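Asks: Below is the structure I would like to discuss, written out as C-alpha cells.
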Amino acid sequence: MANLRKQFSKIYDQYINKIYRFIFLKVSSQEVAEDLTSEVFIRGWDSFRQGADIKNIQAFLYQIARNLVIDHYRQKSQVKTISAEFVQMVDPRLNLEEKAKIDSELDQVKFALSNINEDYREVIIWRYLDQLSISEIAEILDKSEGAVRVALHRGLKELRNKLNTD
Amino acid sequence: MGNPSYIKMTEKDLIRKIRTLRRIEPRKNWVLLTKSRILGQDLEAKRSLSFREFFRFQFALKPAFVLPVALLLIAGSIFYFSNLKDLKTAQVEYQQKLIQLQGLTPALVQLQTNISQVRESLEKAEVKNPKQVLEIRKSVESAALAGKEVIAETKKMVEATSPARLAPQGEAGESEKIAKTTEPEAQILTSITETEKAIEELENSSQQKVKETVEYLLGEIEHWALGEIDQQRFEEAKEAYRNGDYNQALEKILFLGY
Chain A
1 MANLRKQFSK IYDQYINKIY RFIFLKVSSQ EVAEDLTSEV FIRGWDSFRQ
51 GADIKNIQAF LYQIARNLVI DHYRQKSQVK TISAEFVQMV DPRLNLEEKA
101 KIDSELDQVK FALSNINEDY REVIIWRYLD QLSISEIAEI LDKSEGAVRV
151 ALHRGLKELR NKLNTD
Chain B
167 MGNPSYIKMT EKDLIRKIRT LRRIEPRKNW VLLTKSRILG QDLEAKRSLS
217 FREFFRFQFA LKPAFVLPVA LLLIAGSIFY FSNLKDLKTA QVEYQQKLIQ
267 LQGLTPALVQ LQTNISQVRE SLEKAEVKNP KQVLEIRKSV ESAALAGKEV
317 IAETKKMVEA TSPARLAPQG EAGESEKIAK TTEPEAQILT SITETEKAIE
367 ELENSSQQKV KETVEYLLGE IEHWALGEID QQRFEEAKEA YRNGDYNQAL
417 EKILFLGY
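Those sequence lines, one after another, are chains A and B.
Mapping of the first sequence onto this note's numbering: position 107 corresponds to residue 107, and the numbering continues sequentially without gaps.
Here this note's numbering runs 166 ahead of the position in the second sequence, where the first position is 1.
Here's what the structure looks like:
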C-alpha cells in the first residue's frame with residue numbers, strides 16, 4: 001500500500017495543476033474548482049488503490065474531471081461566476097505596469113475562451129496549455145485523431161474571432 | 167468594434183496568448199493539504215472496511231457455529247479493544263503519519279523560499295512608490311496567511327503523530343525504539359519554527375516599510391494645497407498614523423485625488 005501511495009503521490013504532483021486549471025476554466029470559480037479537483041483525485045486514488053485497470057492515468061483523470069463538471073452543472077444548474085482570486089499571488093518582482101498588462105491579456109483570453117463551444121475549448125486547453133498530443137486528446141474524447149484536428153482548427157478560428165470582436 | 171491589434175494576429179500570437187492561461191494555478195497550500203488529506207484517508211478507510219467484511223463473514227456462518235463464533239467474537243472484541251495498540255495498528259498508523267509528515271517537509275522549504283522572495287522585494291520597494299509598497303504589503307499578507315495555514319495543519323499532523331509514536335507496543339522494548347522524537351518529526355518541527363520566525367520577520371518588515379512610506383508621504387503632502395474632501399482624508403490618514411494603523415493611513419493617502 002505504501003508503494004501505491006508513493007506512486008499516486010507522484011501522479012498527484014504531476015497532474016494537480018493541470019486538472020485544476022482544466023476545471024477552473026470550465027467553472028470560473030476557485031472554490032468550485034478546488035472542490036471538484038479534490039473529488040477527481042479522491043476518485044482517482046480509490047480506483048488506483050483498488051487495482052482498477054487504468055491504461056492511461058492522464059486520460060482517466062481528465063475523464064473524471066469532465067464528468068464531474070457535467071454533473072456539477074446538471075445538478076446545481078449553476079450560473080457561471082467569475083472569481084477575482086483565480087490568479088496566484090502576484091509576483092512582487094513584476095512592476096505594476098507589467099502585471100497589469102499580463103493580467104489584462106490573461107483576462108481577455110480567458111473571457112474569449114469561456115465563450116466558445118465547449119468541445120473546442122477542451123481541445124484547445126489540452127493541446128496548447130497541457131501540451132497533450134492529438135492522439136492523447138483523441139483517447140480522452142474517444143474520437144478519431146482527424147476529428148480532434150478539425151475541432152482544434154475550428155476552435156482556434158472561433159477563439160480568434162472572439163478576441164477580434166471583444 | 168474590432169480591436170485592430172488582433173486583425174493580423176498569427177496562429178503563433180494566438181497560441182502565445184492562450185499560454186498566458188498557464189498562470190492559472192491552484193493555491194499551493196491547498197494543493198499540499200488536499201494531497202495530505204486524500205492520501206491520509208486511506209488507513210481509516212481500510213480499517214473500517216476490513217472490520218465490515220469480518221462481520222459480514224460471521225453472519226454467513228451456519229447456525230451450528232454461531233455460539234462458538236459468538237463467544238470467540240466477544241472474546242476477540244474484548245481482546246481487540248483492550249489491546250488495540252498491540253495489534254501493530256499503532257505502528258502502522260505511525261508509519262503512515264510519518265509518510266505524511268515527510269511529504270510536508272518540501273512544502274515548508276518551498277514556503278520559506280517564497281517568503282524570502284517576498285522579503286527581498288519588500289526590501290527593494292521604495293517609500294516614494296506607495297502603490298508598489300501597497301502591492302507588496304498585500305503579497306506579504308497572502309504569503310503570511312498561506313504560511314500560517316500550512317503551519318497549523320502541519321502542527322495538527324505532528325500532534326496526531328506523537329500519540330501513535332508513544333503508544334504501548336505489543337513486544338517488549340518496541341515502545342522504546344520509537345519513543346524518541348524521530349528524524350522526520352524533528353525536521354518538521356525545526357522547519358515549522360523557522361517558517362514561523364520567517365513569517366513574523368516578514369510581517370514586521372512589511373509593517374516597518376508601510377510606516378516609513380506613510381511618514382514620507384505625510385511629509386510631502388503636508389505642503390500640498392488640498393481640496394476640502396482630500397484635506398479631510400489627509401487628516402484621517404494622519405489620525406490613523408498616530409494610532410499606529412499604518413495600513414489604514416496608507417490606503418487613505420492613496421485615495422487622495424479620487
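The C-beta atom is built at its ideal place from N, Cα and C for all residues, glycine as well.
It should be emphasised that the depicted structure is a prediction, and the values quoted were computed from it without experimental measurement.
Does F24(A) have its Cβ less than 8 Å from a Cβ in chain B?
Replies: Numbered from 1 along the first sequence, position 24 holds the residue referred to as residue 24(A). Cβ-Cβ to chain B under 8 Å: yes for F24(A).
Asks: Measure how close the beta-carbons of D187(B) and K162(A) come, nearest whole angstrom, since I'm counting them as under 8 Å.
Replies: Counted from its first residue, the second sequence places residue 187(B) at position 21. Counted from its first residue, the first sequence places residue 162(A) at position 162. Per the sequence presented here, residue 187(B) reads as Leu, with Asp not at that position. With 8 Å as the limit, L187(B) and K162(A) do not qualify as a contact, their Cβ atoms being about 14 Å apart.
Asks: Helix, strand or coil: how does DSSP classify I317(B) here?
Replies: Here residue 317(B) is taken as the residue at index 151 of the second sequence, counted from 1. Of the three classes helix, strand and coil, the one that applies to I317(B) here is helix, per DSSP.
Asks: How many Å lie between R408(B) and Q414(B) at the Cα?
Replies: Working through the second sequence from its first residue, we reach residue 408(B) at position 242. Working through the second sequence from its first residue, we reach residue 414(B) at position 248. Those two C-alpha atoms are separated by around 11 Å.
Asks: Could you pull the start and end residues of the alpha helix (DSSP H) that G44(A) belongs to?
Replies: Within the first sequence, the letter at position 44 stands for residue 44(A). Its alpha helix (DSSP H) spans residues 30-49.
Asks: With distances taken from CA atoms, which of S104(A), R49(A), I11(A), V27(A) is nearest L61(A)?
Replies: Start at 1 with the first residue of the first sequence, and residue 61(A) comes out as number 61. Closest by alpha carbon: I11(A).
Asks: Going by other Cβ atoms of all chains shown within 10 Å of its Cβ, with 16 needed for buried, is T279(B) buried or exposed?
Replies: Taking the first residue of the second sequence as 1, we reach residue 279(B) at position 113. That one is exposed.
Asks: When the cut-off is 8 Å and only beta carbons count, does N370(B) lie next to chain A?
Replies: The residue labelled residue 370(B) in the question sits at position 204 within the second sequence. For N370(B), the answer is no, since every Cβ of chain A falls outside 8 Å of its Cβ.
Asks: Which same chain residues, not among the five before or five after L36(A), have their C-beta less than 8 Å away from its C-beta?
Replies: Residue mapping note: residue 36(A) aligns to position 36 of the first sequence, counting from 1. If we look at L36(A) and ignore the five residues flanking it on each side, its Cβ neighbours are I23, V27, A65, L68, V69, H72.
Asks: Would you verify that the beta carbon of I317(B) is, or is not, closer than 8 Å to some beta carbon of chain A?
Replies: Here the question's residue 317(B) lines up with position 151 in the second sequence. Not an interface residue.
Asks: Report yes or no: do three or more beta-carbon pairs, one from the region 366-383 of chain B and one from the region 301-317 of chain B, lie closer than 8 Å?
Replies: Yes, they touch.
Asks: Rounding to the nearest angstrom, what Cα-Cα distance links Q298(B) and A291(B) in this structure?
Replies: Taking the first residue of the second sequence as position 1, residue 298(B) is located at position 132. Taking the first residue of the second sequence as position 1, residue 291(B) is located at position 125. For Q298(B) and A291(B), the distance between alpha carbons rounds to 7 Å.
Asks: Enumerate in chain order the residues of its own chain whose CB-to-CB distance from K321(B) is below 7 Å, with the five nearest sequence positions on each side excluded.
Replies: Residue mapping note: residue 321(B) aligns to position 155 of the second sequence, counting from 1. Hits under 7 Å: I358.
Asks: Between R189(B) and chain A, is the shortest Cβ-Cβ distance under 8 Å, so that the two count as touching?
Replies: Counting from one through the second sequence, the residue named residue 189(B) turns up at place 23. So yes, R189(B) belongs to the interface.
Asks: In whole angstroms, give me the CA-to-CA distance for L198(B) and G393(B).
Replies: Position 32 of the second sequence, counted from the first residue, corresponds to residue 198(B). Position 227 of the second sequence, counted from the first residue, corresponds to residue 393(B). Their backbone Cα atoms lie some 51 Å apart in a straight line.
Asks: Quick check: P192(B) and I125(A), are their CB atoms within less than 8 Å of each other?
Replies: Locating residue 192(B) in the second sequence gives position 26, counting from the first residue. Locating residue 125(A) in the first sequence gives position 125, counting from the first residue. No, the pair does not count as a contact, with Cβ atoms beyond the cut-off.
Asks: Who are the neighbours of L156(A) on chain B, taking C-beta pairs under 9 Å?
Replies: In the first sequence, the residue the question calls residue 156(A) occupies position 156. The answer, in chain order, is E177, L180, I181, I184.
Asks: Interface residues of chain B around N17(A) at Cβ under 7 Å?
Replies: Here residue 17(A) refers to the residue found at position 17 when the first sequence is read from its first residue. Within 7 Å Cβ-Cβ: E191, P192.
Asks: Please confirm whether L420(B) has its beta-carbon closer than 8 Å to some beta-carbon of chain A.
Replies: Taking the second sequence and counting its residues from 1, one reaches residue 420(B) at position 254. No, no contact with chain A.
Asks: In chain order, what residues of the same chain have a beta carbon less than 6 Å from the beta carbon of H389(B), not counting five sequence neighbours either side?
Replies: Along the second sequence, one-based indexing puts residue 389(B) at 223. Correct list: empty, nothing qualifies.
Asks: Could you check if F223(B) is buried or exposed, using at least 16 other CB atoms within 10 Å of its CB as the buried criterion?
Replies: Working through the second sequence from its first residue, we reach residue 223(B) at position 57. With a pLDDT of 37 at F223(B), under the threshold of 50, the predicted position of this residue should be treated as unreliable, though the coordinate-derived value follows. Answer is exposed; the Cβ neighbour count stays below 16.
Asks: With respect to the alpha helix (DSSP H) encompassing F400(B), which residues constitute its N-terminal and C-terminal limits?
Replies: As a working mapping, residue 400(B) is identified with position 234 in the second sequence. Residues 394-408.
Asks: List the endpoints of the continuous alpha helix (DSSP H) containing E122(A).
Replies: Here the question's residue 122(A) lines up with position 122 in the first sequence. Element bounds for E122(A): 118-124.
Asks: Of all Cβ atoms in chain A, is any one closer than 8 Å to the Cβ of W293(B)?
Replies: Counting from one through the second sequence, the residue named residue 293(B) turns up at place 127. Sequence check: residue 293(B) is Val here, not Trp. No, its Cβ sits nowhere closer than 8 Å to a Cβ of chain A.
Asks: Looking at the unbroken alpha helix (DSSP H) that takes in F421(B), where does it start and where does it end?
Replies: For the purposes of this step, residue 421(B) is identified with residue 255 of the second sequence, where counting begins at 1. First-last for F421(B): undefined, no H or E at that position.
Asks: Would you mind working out which of R182(B), L274(B), K418(B), T361(B) sits nearest I387(B), comparing C-alpha positions?
Replies: On the second sequence, residue 387(B) is found 221 positions in, with the first residue counted as 1. Selected option, being the one with the closest Cα: K418(B).
Asks: Does the region 143-161 of chain A touch the region 39-53 of chain A, meaning 3 or more C-beta pairs lie closer than 8 Å?
Replies: As far as the Cβ criterion goes, the region 39-53 of chain A does not touch the region 143-161 of chain A, which means the pair count is below three.
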